[in-house]
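The opening residue of the sequence shown carries number 268 in the numbering used here; numbering runs sequentially from there. For every residue, glycine included, the Cβ atom is placed at its ideal position computed from N, Cα and C. Keep in mind it's a predicted model, so treat the numbers as computed, not measured. Report on one structure; see the data block that follows.
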Amino acid sequence: MKKNITHESLIKKEGQELIFDNLTNPRVVSEFIDILNETLNSYNKNLILNFKNVKGAFPNVSVPIAGIIENISLRGIGFEFYYLSEFLKKLSIKTPLRVQENKDLAQKASLGKIWRFDSADDIYLLINSFVDELSQIIVCEKGVLEGFEWSINEVLDNVLQHSSRSFGYVMGQVHPKTKHFVFCVYDTGQGIYNSLLSSSVHKPKNPVDALKLAVKEGVTRDKKIGQGNGLWGLHQIVSENTGILNIISNSACYNLTNNELKTFDCVSQLPYDNGCIVDFQIDYSKEISISKALGGYEPVNLKLESLEDNAGNIKIDLHSKESGVGTRKSGEKIRNELINIYKQSNKNITLDFANINIISSSFADELIGKLVTEFGFYGFNNIFKLKNMNTSVQSIVQRSVAQRMMESFNGKG
Ligand SMILES: Nc1ncnc2c1ncn2[C@@H]1O[C@H](COP(=O)(O)OP(=O)(O)OP(=O)(O)O)[C@@H](O)[C@H]1O
Ligand SMILES: [Mg+2]
């Protein structure tokens, strides 16, 4: 006998009030779309969104929900928000943050927020911030940051190139416990099926077919504009990392998890453009061979190049670091950045202390002390060179390194 699997609703509807159970299960998005379809056809077009039960939010749920709210508001549905916790306010679920109006925030704390990008300049600023922030808060294995930067560029650019809209939404989030980061990009445009159907030599038979075609090498709606590398490359990078990729567009869903592919064609849709969701998860503890993923192509790492001196060595000017040299947090950020730079480049790194009069002991411990324990005394000396330290800074560093080494020697490090 065929078993009917019924799920309990994740959005409870009481009159015009919608009580969200969570913002972590992607089923919330389809339930929300179903309710909006009913609302569009009903007399009362005002809804109350109640988030009292929401404890956390994942990008693949909150980004499409925020984008849908913003766009469907323009089509006559009114929203009121109940129980917007500090966390949800910070996320900007109600009105995604505009990059141009929040440049400072974008540069300092781009993760964990829903952004709306409206131009190539916005994309450039956001991506730089994402990469900087990731490299300061987590240590990524070789190829991860480069693979991510390449992929997110392609996905965001696709929105401007193909969606038929001039804007989209994006959010990134780090899950340190499982050593993953996740990014979701959403646009409210024509969708992949329509874009390939209307203007390409590829004639997809249905929305699922369109997604399968779009991730193939060389498939583009127009050879004069693109080469069909973007989604193929993203797919290769995620697959090389055994990560997760979801593409949802029109009524179709394409899911790659641990290199197993699943597709289905029954996603809820709004009566107008449904756009496209691209959502991917990378395991940052797993190395990615970019040249293997991209068939021999190795993107130039402009950021690393800009740090190199004439001899090809990397030089970090500590005086120019915005976070300063006084706090443990700043020491940790710079340490992570240095480990990431070393993992990506495998090159010697000079730390220049010029123009620094004094540093705090906690900064010294977090940066130098912990680097010495991480790489070992010999390894540290082989990789790092300390330059232009005055005598006060020297004695602070000496003390914190000695303490740190003693601790690790005693097994407490
Ligand atoms: N956000 C989107 N909205 C609508 N269609 C899209 C979107 N993203 C991708 N597509 C469709 O999928 C096709 C393949 O995308 P892909 O990024 O692989 O190649 P491309 O953008 O055409 O070329 P390249 O990435 O090499 O510049 C696009 O040509 C377009 O038809
Ligand atoms: Mg592309």
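Could you give the C-beta distance for TYR460 and PRO471, rounded to a whole number, given that I count them as a contact under 8 Å?
The pair is a contact, with the Cβ atoms about 6 Å apart (cut-off 8 Å).
Please report the Cβ distance between PHE415 and ILE549, rounded to the nearest whole angstrom; I am assuming they are in contact, meaning their Cβ atoms lie under 8 Å.
Indeed they touch by this definition, with Cβ atoms about 6 Å apart.
Relative to ligand 4, is the shortest distance from any of its heavy atoms to the C-beta of SER430 smaller than 7 Å?
Among the ligands modelled here, namely ligand 1 and ligand 2, ligand 4 does not occur.
Decide if ASN338 is buried, meaning its Cβ has at least 16 other Cβ atoms within 10 Å, or exposed.
Residue burial annotation: ASN338 is buried, with at least 16 other C-beta atoms found within 10 angstroms of its C-beta.
Check this for me: beta carbons of GLY345 and ASN313, under 8 Å apart or not?
For GLY345 and ASN313, yes; Cβs fall inside 8 Å.
With 16 as the cutoff for other CB atoms within 10 Å, does MET673 come out buried or exposed?
With fewer than 16 neighbouring CB atoms inside 10 Å of its own CB, MET673 falls in the exposed class.
Relative to ligand 2, is the shortest distance from any of its heavy atoms to the C-beta of GLY497 smaller than 7 Å?
Ligand 2 has a heavy atom closer than 7 Å to the beta-carbon of GLY497.
For GLY614, three-class secondary structure by DSSP
As written in the sequence, residue 614 is Lys, which differs from the Gly given in the question. Here LYS614 sits in coil by DSSP.
Would you report the Cα separation of GLY456 and PRO326, rounded to the nearest angstrom?
Each residue's Cα considered, the two are about 19 Å apart.
Nearest candidate by alpha-carbon position, reference ARG671, set THR487, THR640 and GLN403:
Out of THR487, THR640 and GLN403, THR640 has the C-alpha closest to the C-alpha of ARG671.
Between PHE630 and the rest of its own chain, which residues show a CB-CB distance below 7 Å, the 5 nearest in sequence each way excluded?
Excluding residues up to 5 positions away in sequence, VAL592, GLY593, THR594, ARG595, SER597 and GLY598 lie with their Cβ nearer than 7 Å to the Cβ of PHE630 in the same chain.
At which residue ranges does the region 545-585 contain complete beta strand (DSSP E) runs of 3 or more residues, listed in the order of the chain?
If only complete runs of 3 or more residues are kept, the region 545-585 shows the beta strand (DSSP E) at 581-584, in order along the chain.
Cross-strand partners of TRP417 (DSSP beta bridge):
Bridge pairing for TRP417: absent [DSSP].
Candidates LEU303, TYR310 and SER309, of which the one nearest LEU316 by Cα
Nearest C-alpha to LEU316 among LEU303, TYR310 and SER309: LEU303.
Starting from the C-beta of SER396, find all residues in its chain whose C-beta is less than 6 Å away, skip the five residues before and the five after it, and write them out in chain order.
Within the same chain, ALA373, GLN374 and SER377 come within 6 Å of SER396 by CB-CB distance, once the 5 residues on both sides are set aside.
Identity of the residues DSSP links to GLY435 by a beta bridge
Beta-bridge partners assigned by DSSP to GLY435: PHE384.
State the DSSP-derived secondary structure class of PHE676, mapped to helix, strand or coil.
Note: PHE676 maps to helix in three-state DSSP.
Helix, strand or coil at LYS270 [DSSP, three-state]
Unreliable placement is indicated for LYS270, whose pLDDT of 49 sits below 50; the coordinate value is still reported in the next sentence. It is coil, neither helix nor strand.
Just how far apart, CA to CA, sit LEU277 and LYS380?
Cα to Cα, LEU277 sits roughly 23 Å from LYS380.
What residues are listed by DSSP as bridge partners for VAL449?
Per DSSP, GLN440 and GLN548.
Would THR524 and LEU478 qualify as a contact pair, given that the criterion is a beta-carbon distance under 8 Å?
The answer is no: Cβ separation not under 8 Å.
Closest Cα partner of ILE583 within the set GLU604, PRO566 and VAL567
Selected option, being the one with the closest Cα: GLU604.
Run of the beta strand (DSSP E) containing PHE630, from where it starts to where it stops
Going by DSSP, PHE630 is part of no beta strand (DSSP E) but of the alpha helix (DSSP H) stretching over 628-631.
If you check the beta carbons only, do ILE635 and SER667 fall under 8 Å apart?
Yes.
Apply the 10 Å Cβ neighbour rule to CYS520 and answer buried if 16 or more other Cβ atoms are within range, or exposed otherwise.
CYS520 is buried by the Cβ-count criterion.
Any heavy atom of ligand 1 closer than 7 Å to the Cβ of CYS543?
At least one heavy atom of ligand 1 lies closer than 7 Å to the C-beta of CYS543.
DSSP state of ARG488, grouped into three classes?
Three-state DSSP puts ARG488 in coil, outside helix and strand.
Taking the alpha helix (DSSP H) that LEU501 belongs to, which residues open and close that run?
In this chain, the alpha helix (DSSP H) harbouring LEU501 covers 497-507.
At least 3 beta-carbon pairs within less than 8 Å: the region 288-307 vs the region 421-430
With the cut-off at 8 Å, the region 288-307 and the region 421-430 do not touch.
The beta strand (DSSP E) enclosing LYS654, as first and last residue numbers
Run containing LYS654: 651-654, per the beta strand (DSSP E) assignment.
In chain order, which continuous runs of the alpha helix (DSSP H) of length 4 or greater are located wholly inside the region 452-486?
You should have 458-466 and 474-481.
Can you list, in chain order, the residues of its chain with a C-beta nearer than 8 Å to that of ASP532? Leave out the 5 residues immediately preceding and following it.
Shown here for ASP532: same chain residues with a beta carbon closer than 8 Å to its own, the five before and five after excluded, namely ASN473, PRO474, VAL475, SER518, ALA519 and CYS520 in chain order.
Span of the beta strand (DSSP E) holding ILE511?
Note, ILE511: beta strand (DSSP E), 511-516.
Since LYS529 sits in a beta bridge, which residues does DSSP pair it with?
DSSP lists ASN522 as partners of LYS529.
Using 8 Å as the cut-off, can you tell me whether the region 603-620 makes contact with the region 394-414, which would need three or more C-beta pairs spanning the two stretches below that distance?
Between the region 603-620 and the region 394-414, the count of C-beta pairs closer than 8 Å reaches three or more; the two stretches touch.
In the structure shown, what three-state DSSP assignment does TYR350 receive?
DSSP places TYR350 in coil when its eight states are reduced to three.
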